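Participant:
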Amino acid sequence: MGEIKVSPDYNWFRSTVPLKKIIVDDDDSKVWSLYDAGPRSIRCPLIFLPPVSGTADVFFQQILALTGWGYRVIALQYPVYWDHLEFCDGFRKLLDHLQLDKVHLFGASLGGFLAQKFAEYTHKSPRVQSLILCNAFSDTSIFNQTWTANSFWLMPAFMLKKIVLGNFASGPLDPEMADGIDFMVDRLESLGQSELASRLTLNCQNSYVEPHKIRDVPVTIMDVFDQSALSTEAKEEMYKLYPNARRAHLKTGGNFPYLCRSAEVNLYIQIHLLQFHGTRYAAIDPSMVSAEELEVQKISLHTSNEQEEQ
C-alpha cells in the first residue's frame, strides 16, 4: 500500500539489505528481526528502535543515507515482551550476541522510552554511549492508559490497531506526510495481535525514567512543532529531565519525521554523532569522515531554519 508511494528506494532497500532473524532467549518464539548495514569494523553502531506501529524497515531512509556516508546502522524489530525488564534483558543478550559492548540508540516514541530504560538498566555497566530521542517520552502515565495496560493481551488485533490509529494525524497533510502515514498504516497491518498487544503494554504499563542513572549519557532530543501524539507537557518534561541535551527541532514532521522529513532527521543524526568522530565510539568509518563537509551542512541547516522562522 504505502511502500512505493513513500519512496522508490524502498523496494531497492528490501532487495539489497537482508533481514536477519536472531533468537537470544531460551524461548525460541522470541525472534529479533534486524537490518545490519554498513562497515562491520565499526564496534559502536547506531541502533534504531521503532514506535508501537513500526517495523525495522520504517528506518529504511536512514539506513540508505547513513551507510552511504560510512556509518554502521542497525534497525530492529522487537520480539514479544510484556514488561520493560524482560525487554532490557533480551536487548542486552542481543548486543552480546552481536558482540557490541557500546552502542548509540535512536528511539522513536516507544522506542525512545525503551532506549532510556535500557540505558538506565545498564547504568552500572554502561552499554549506551549516547541517545537520540525522537518524539519520545519519559513517563508512561502521559497516555492515561496504565489501568488498561494489563488487558491489551486480551483484545483482538482490530481493536489494538484502532487504538494505535487513533494517534495518527488526520486532516489536510502535505504529500510526504500523507505518504509517511500510509506507509506506517501498512507496517501496522503487518503486525500480529501479540506483537501489538505487547508493544501497547510496554507503552502504557506504569513506568518512568530515572534520570540520575543516565545523566552522563549524551542526549539529543528530536521533536516536531506540528501535530504529533506527544503533548506539550510530555515534551517539556523531557527538556526538564535532560537540561543539557542538544535539541533538534523540526518545524513539521508529525509522528514520523524519519519518513517524511528524512533529510533533516539524517542531518541531525550526523550532527549528534560528530562528537564521537575520532574516538573508539565513532559510528562511522574513519576514512569516510569529512568534518568540513558536515560543517557546511550544519550552517545550511541553521540558515534554512532561520528562514523558516522569519
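Counting in full-length UniProt numbering, the sequence shown runs from 1 upward without gaps.
Cβ coordinates follow ideal geometry from the N, Cα and C atoms, glycine included.
These figures come from a predicted structure and were not determined experimentally.
#1: Does DSSP classify Lys235 as helix, strand or coil?
#2: Measure the Cβ-Cβ separation of Leu34 and Gly107 and say whether it is below 8 Å.
#3: Measuring only the C-alpha atoms, how far is Arg199 from His104?
#4: Go through its chain and collect everything with a Cβ distance to Gly111's Cβ below 7 Å, but skip five positions before and after it.
#5: Who are Thr220's beta bridge partners in DSSP?
#6: Can you find the residues in the same chain that come closer than 8 Å, C-beta to C-beta, to Met159, ignoring five residues on each side of it along the sequence?
#7: Helix, strand or coil: how does DSSP classify Leu200 here?
#8: What did DSSP end up calling Phe276 once you bin it into helix, strand or coil?
#9: Can you tell which of Ser287, Pro243 and Glu195 has the C-alpha that lies nearest to the C-alpha of Pro218?
#10: If distances are taken between C-alpha atoms only, which option among Arg280, Thr67 and Phe183 comes closest to Asp101?
#11: Pull the bridge partners of Arg36 from the DSSP assignment, please.
#12: To which residues of the same chain is Ala119 closer than 6 Å at the C-beta, ignoring the five residues directly before and after it?
#13: Kindly indicate which three-state DSSP category Val58 falls into: helix, strand or coil?
#14: Nearest by alpha-carbon distance to Leu131: which of Pro211, Asn150 and Arg261 is it?
#15: Quick one: grab the DSSP three-state call for Met1.
#16: Following the continuous beta strand (DSSP E) through His104, name the residue where it begins and the one where it ends.
#17: Buried or exposed: which applies to Pro175, given that a residue is buried once 16 or more other Cβ atoms fall within 10 Å of its Cβ?
#18: Could you give the uninterrupted runs of the alpha helix (DSSP H) lying entirely in the region 166–215, keeping only those of 4 residues or more?
#19: Can you tell me the Cα-Cα spacing of residue 332 and Gly278, whole angstroms?
#20: Beta-carbon separation of Arg187 and Ser53 under 8 Å?
#21: For Met155, which residues from the same chain have a beta carbon less than 7 Å from its beta carbon, with the 5 sequence-adjacent residues on both sides left out?
#22: What is the residue span of the alpha helix (DSSP H) that Phe48 lies within?
#23: Please work out which residues of its chain come closer than 6 Å, Cβ to Cβ, to Ala65, disregarding the five sequence neighbours upstream and downstream, and give them in chain order.
#24: DSSP on Ile284, reduced to helix/strand/coil?
Facilitator: The answer reads as follows:
#1: The sequence position of residue 235 within the sequence shown is 235, counting from 1. In the structure shown, Lys235 sits in a helix (DSSP, three-state: H, G or I).
#2: Counted from its first residue, the sequence shown places residue 34 at position 34. Counted from its first residue, the sequence shown places residue 107 at position 107. No, the Cβ-Cβ distance between Leu34 and Gly107 is not below 8 Å.
#3: Numbered from its first residue, the sequence shown carries residue 199 at position 199. Numbered from its first residue, the sequence shown carries residue 104 at position 104. Going by the C-alpha atoms only, they are around 22 Å apart.
#4: Position 111 of the sequence shown, counting from 1, holds the residue named residue 111. Only Leu49, Pro50 and Pro51 meet the Cβ criterion.
#5: Mapped onto the sequence shown, residue 220 falls at position 220. Thr220 pairs with Ile132 and Arg246.
#6: Locating residue 159 in the sequence shown gives position 159, where the first residue counts as 1. Residues of the same chain with their beta carbon placed closer than 8 Å to that of Met159 are lacking, with the five preceding and five following residues left out of the count.
#7: Locating residue 200 in the sequence shown gives position 200, where the first residue counts as 1. Of the three classes helix, strand and coil, the one that applies to Leu200 here is helix, per DSSP.
#8: Residue 276 sits at position 276 when you count from the first residue of the sequence shown. Three-state result, Phe276: coil.
#9: Within the sequence shown, numbered from 1, the residue matching residue 218 stands at position 218. Of all alpha-carbon atoms in Ser287, Pro243 and Glu195, the one lying nearest the alpha-carbon of Pro218 is that of Pro243.
#10: Numbered from 1 along the sequence shown, position 101 holds the residue referred to as residue 101. When each option's Cα is compared against that of Asp101, the closest is Arg280.
#11: For the purposes of this step, residue 36 is taken as residue 36 along the sequence shown, with counting starting at 1. A quick correction: the sequence has Asp, not Arg, at residue 36. Asp36 pairs with Ile74.
#12: Taking the sequence shown and counting its residues from 1, the one referred to as residue 119 is at position 119. Hits under 6 Å: Val128, Ile214 and Val217.
#13: As a position in the sequence shown, residue 58 is number 58, starting the count at 1. In the structure shown, Val58 sits in a helix (DSSP, three-state: H, G or I).
#14: As a first step, residue 131 is located in the sequence shown; it is residue number 131 there, counting from the start. Of Pro211, Asn150 and Arg261, the residue nearest in Cα terms is Pro211.
#15: One-based indexing of the sequence shown puts residue 1 at position 1. In this prediction, Met1 has a pLDDT of 39, which is less than 50 and means its spatial position is unreliable; what the coordinates show is noted afterwards. DSSP places Met1 in the coil class of the three-state scheme, outside both helix and strand.
#16: Locating residue 104 in the sequence shown gives position 104, counting from the first residue. That run of the beta strand (DSSP E) goes Val103 to Ala108.
#17: Here the question's residue 175 lines up with position 175 in the sequence shown. Classification of Pro175: exposed, given that the 10 Å Cβ count is below 16.
#18: Within the region 166–215, the complete alpha helix (DSSP H) segments at least 4 residues long are 175–189 and 193–204, listed from N- to C-terminus.
#19: It is not possible to answer for residue 332, since the shown part of the chain is limited to 1 through 310.
#20: The residue given as residue 187 occupies position 187 in the sequence shown. The residue given as residue 53 occupies position 53 in the sequence shown. Taking a C-beta distance under 8 Å as the contact criterion, Arg187 and Ser53 qualify as a contact pair.
#21: Within the sequence shown, numbered from 1, the residue matching residue 155 stands at position 155. Counting only Cβ-Cβ distances below 7 Å, and skipping sequence neighbours, we find Ala197.
#22: Mapped onto the sequence shown, residue 48 falls at position 48. Premise fails: Phe48 lies in the beta strand (DSSP E), Leu46 to Leu49, not in any alpha helix (DSSP H).
#23: Sequence index remark: in the sequence shown, residue 65 carries index 65 (1-based). Around Ala65: Asn266.
#24: Taking the first residue of the sequence shown as position 1, residue 284 is located at position 284. Secondary structure at Ile284: strand, using DSSP grouped into helix, strand and coil.
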